[in-house]
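Each residue of the sequence shown is one higher than the one before, counting from 20 in the working numbering. Positions of the beta carbon are idealized from the N, C-alpha and C atoms, including for glycine. As the structure is a computational prediction, the values presented were derived from the model and not from experiment.
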Amino acid sequence: MKSLDQILGYVDIDAVTKAIMLGRSITVDGFARRPIRVLTHAHSDHLVGLKDSIIYSNHIIATPATLELVVELEYVPSRYKAIYKRKAIGLDYYQTVEFNREKIMLLPSDHILGSAQVLVEVDEYRLGYTGDFKLGGKTAVMKDLDVLVIEATYGHPDIRRVFKEDVIDLVIDLVIEGLRKYGKVAVYGYYGKLQEVMAILREYGISEPFVMNHRMYSVTKIAEKYGLNIGCYFRLGTQEAREVVDSGRYIVFEHMVKAKRRRLDGTILNLVLSGHEYNEPIRRVDQYTWLASFSDHADFDELMEYVERANPKFIVVDASREGYPHVFARELQRRGWKVAVLPREREIRGKHR
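And the structure:
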């Protein structure tokens with residue numbers, strides 16, 4: 020019989036580096052002095068201490084798409100790229116790799132391009148970490164777990180998106196209306212998520228050319244390499260892109276940081292993809308700008324559904340990142356689950372001293 024103390028001896032979270040430590044040798048999404056570093060996806064809050072891991076760890080494990088995105092988005096300093104590539108191990112979904120009698124498997128996660136969950140098997144224990152996710156067709160639910168480590172970005176019962184199924188249809192209608200009225204639409208969001216939106220637009224029959232800057236173009240090439248169907252996109256500054264822009268009919272994709280400098284001159288419709296809109300699927304910001312609730316995180320209901328479907332023996336809620344870990348833990352306890360929040364509150368407070 021596995022005792023709770025025995026199980027929790029294989030799981031910890033560092034308050035400073037945000038490392039999710041699983042088993043004896045594995046650290047996920049944060050630096051720890053362990054030989055194996057796993058990256059769940061290419062967002063900065065899950066790449067904490069990557070340079071230190073490149074130096075210290077023997078192997079860096081992620082999906083092939085994530086390994087490429089991390090380089091393209093310049094999370095790896097130039098002088099460390101050679102050693103990073105030497106230590107990198109690209110792991111496809113459901114493929115298993117074993118080090119020192121610890122097995123690692125990556126499972127699909129509906130978050131951004133290349134994102135993954137992590138399953139570790141060690142000494143007859145099964146330990147799973149969701150990373151960031153939302154429930155959908157791509158997200159696998161890990162089962163038969165001794166410990167489930169779960170995010171709680173939107174772990175508050177007030178954060179429910181009852182309109183989730185409507186968002187895509189409304190976004191498509193808005194893009195079509197913008198093209199009809201202005202001939203041009205600007206879409207603002209984050210790398211990885213924007214590429215998924217590009218593929219959705221194509222799936223719904225929108226054939227207008229896409230234009231984008233060099234970085235966005237490179238990320239889009241990676242997205243196509245790993246299975247997204249986009250096509251007909253051009254890098255700004257090239258002759259092809261100039262011809263598209265001169266035609267007056269196109270969709271331009273920009274990083275979220277540029278949304279504050281969007282054009283409001285009546286020549287283009289702006290669409291901002293936000294993960295922080297909970298009340299409406301789309302909302303008008305000004306005469307020429309709409310905000311769409313296009314989150315890549317599970318809301319409260321999805322987090323709870325994941326737990327119920329996974330049915331783990333014990334749950335650890337990750338409190339090292341933004342969100343509502345303690346609220347979510349209380350809701351889980353109220354429903355009868357065995358739960359701990361890591362790192363503990365005193366450790367989180369102490370990291371600022």
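### Task
Starting from the Cα of His274, find the closest Cα among Glu321, Asp111, Met231, Tyr307 and give me that residue.
On the sequence shown, position 255 is the one that residue 274 refers to. Looking at the Cα atoms, Met231 is the closest of the given residues.
### Boundaries of the beta strand (DSSP E) in which Ala205 is found, first to last residue
Stepping through the sequence shown from its first residue, residue 205 is reached at position 186. Its beta strand (DSSP E) spans residues 203 to 208.
### Message
Out of Leu132, Thr82, Gly294, which one is the CA nearest neighbour of Tyr113?
### Response
One-based indexing of the sequence shown puts residue 113 at position 94. When only C-alpha atoms are compared, the closest one is Thr82.
### Query
Given Lys157, which residues of its chain have a CB within under 6 angstroms of its CB, disregarding the five upstream and five downstream residues?
As a working note, residue 157 is residue 138 in the sequence shown. Taken in chain order, the residues that qualify are Pro127, Asp129.
### Task
Assess, as a yes-or-no matter, whether the stretch 256 to 266 is touched by the stretch 167 to 184 under the definition of 3 or more beta carbon pairs within less than 8 angstroms.
no
### Task
May I ask you to report which of helix, strand or coil DSSP gives Pro127?
As a first step, residue 127 is located in the sequence shown; it is residue number 108 there, counting from the start. Looking at Pro127 - three-state DSSP - the assignment turns out to be strand.
### Query
Would DSSP call Gly374 helix, strand or coil?
Examination of residue 374 is not possible in this model, given that the chain is present from 20 through 372 alone.
#### Entry: Own chain, CB closer than 6 angstroms to Leu58, minus 5 neighbours either side, in chain order
Taking the sequence shown and counting its residues from 1, one reaches residue 58 at position 39. Within the same chain, Leu58 has close Cβ partners Ala81, Thr85.
#### Entry: Bounding residues of the alpha helix (DSSP H) (the contiguous stretch that carries Tyr236)
Within the sequence shown, residue 236 is the residue found at index 217, counting from 1. Tyr236 -> alpha helix (DSSP H) spans 233 to 244.
### Simplified DSSP assignment, three categories, for Glu117
Locating residue 117 in the sequence shown gives position 98, where the first residue counts as 1. Strand at Glu117.
### Message
Please report the distance separating the alpha-carbon of Val137 from that of Asp111.
### Response
Locating residue 137 in the sequence shown gives position 118, counting from the first residue. Locating residue 111 in the sequence shown gives position 92, counting from the first residue. Each residue's Cα considered, the two are about 12 angstroms apart.
### Straight-line gap, Phe50 to Asp64 (C-alpha atoms, nearest Å)
The residue labelled residue 50 in the question sits at position 31 within the sequence shown. The residue labelled residue 64 in the question sits at position 45 within the sequence shown. Using only the alpha carbons, I get a separation of about 12 angstroms.
### Task
Give the secondary structure of Ala81 by DSSP, where H, G and I count as helix, E and B as strand, and everything else as coil.
Sequence index remark: in the sequence shown, residue 81 carries index 62 (1-based). Three-state result, Ala81: strand.
### Task
Would you be able to state if there are at least three C-beta pairs under 8 angstroms between the stretch 190 to 209 and the stretch 270 to 288?
yes
### Task
Within 10 angstroms of the Cβ of Pro96, are there 16 or more other Cβ atoms? Answer buried if so, exposed if not.
Here the question's residue 96 lines up with position 77 in the sequence shown. It is exposed - the Cβ of Pro96 has fewer than 16 other Cβ atoms within 10 Å.
### Query
Can Val30 and Val166 be called in contact, C-beta distance under 8 angstroms?
If you number the sequence shown from 1, residue 30 lands on position 11. If you number the sequence shown from 1, residue 166 lands on position 147. It is a contact, given that the beta carbons lie within the stated cut-off.
### Task
Give, in chain order, every unbroken run of the alpha helix (DSSP H) that is at least 4 residues long and sits entirely within the stretch 306 to 363.
319 to 329, 344 to 353
### Query
Quick one: what's got a C-beta closer than 6 angstroms to Glu243's C-beta in the same chain, skipping five residues either side?
Along the sequence shown, one-based indexing puts residue 243 at 224. Excluding positions up to five away in sequence, the list reads Ile249.
### Task
Report back the beta-carbon spacing between Gly133 and Leu88 to the nearest angstrom; my notes put them in contact at under 8 angstroms.
On the sequence shown, position 114 is the one that residue 133 refers to. On the sequence shown, position 69 is the one that residue 88 refers to. Confirmed, about 6 angstroms.
### Identified DSSP bridge partners for Leu288
Position 269 of the sequence shown holds residue 288. Answer is Val204.
### Query
DSSP beta-bridge partners for Gln136?
In the sequence shown, residue 136 corresponds to position 117, counting from 1. Answer is Leu126, bridged to Gln136.
### Query
CB Ile301 to CB Glu91, shorter than 8 angstroms?
Indexing the sequence shown from 1 puts residue 301 at position 282. Indexing the sequence shown from 1 puts residue 91 at position 72. Going by C-beta atoms, Ile301 is not nearer than 8 angstroms to Glu91.
### Task
Compare the beta carbon distance of Phe333 and Ile45 with 8 angstroms and say whether it is the shorter of the two.
The residue labelled residue 333 in the question sits at position 314 within the sequence shown. The residue labelled residue 45 in the question sits at position 26 within the sequence shown. Cβ atoms of Phe333 and Ile45: not closer than 8 angstroms.
### Task
Could you tell me the distance, in whole angstroms, from the CA atom of Leu41 to the CA atom of Arg145?
Taking the first residue of the sequence shown as position 1, residue 41 is located at position 22. Taking the first residue of the sequence shown as position 1, residue 145 is located at position 126. The alpha-carbon atoms of Leu41 and Arg145 are separated by roughly 10 angstroms.
### Query
Do you know offhand how far Leu283's Cα is from Ser266's?
Counting from 1 along the sequence shown, the entry for residue 283 is found at position 264. Counting from 1 along the sequence shown, the entry for residue 266 is found at position 247. Each residue's alpha carbon lies about 20 angstroms from the other.
### Query
Closest to Ile73 by CA distance: which of Arg234, Lys106, Arg328 is it?
Translated into positions along the sequence shown, residue 73 becomes position 54. Here the closest residue by C-alpha is Lys106.
### Query
Taking only runs of the alpha helix (DSSP H) that begin and end inside the stretch 20 to 96, which ones reach a length of at least 4 residues, in chain order?
23 to 27, 69 to 75, 83 to 91
#### Entry: Glu170 - containing alpha helix (DSSP H), residue span
On the sequence shown, position 151 is the one that residue 170 refers to. Looking at the DSSP string, Glu170 is not in any alpha helix (DSSP H), and its letter there is neither H nor E.
### Message
With H, G and I counted as helix, E and B as strand and the rest as coil, what does DSSP make of Ser293?
### Response
The sequence position of residue 293 within the sequence shown is 274, counting from 1. Residue state, collapsed to three classes: strand.
### Task
Using the Cα positions of Arg120 and Leu69, report the straight-line distance between them to the nearest angstrom.
As a first step, residue 120 must be located in the sequence shown, where it is residue number 101. As a first step, residue 69 must be located in the sequence shown, where it is residue number 50. Their backbone Cα atoms lie some 24 angstroms apart in a straight line.
### Message
Between Val360, Met217, Lys100, Val194, which has its C-alpha nearest Gly246's C-alpha?
### Response
The count along the sequence shown starts at 1 and reaches residue 246 at position 227. Checking every option, the nearest Cα to that of Gly246 belongs to Met217.
### Task
Could you tell me the boundaries of the beta strand (DSSP E) in which Leu146 lies?
Numbered from its first residue, the sequence shown carries residue 146 at position 127. Where Leu146 is concerned, the enclosing beta strand (DSSP E) stretches over 144 to 148.
### Simplified DSSP state of Glu11, which is helix, strand or coil
With the chain covering 20 to 372 only, the question about residue 11 has no answer from this structure.
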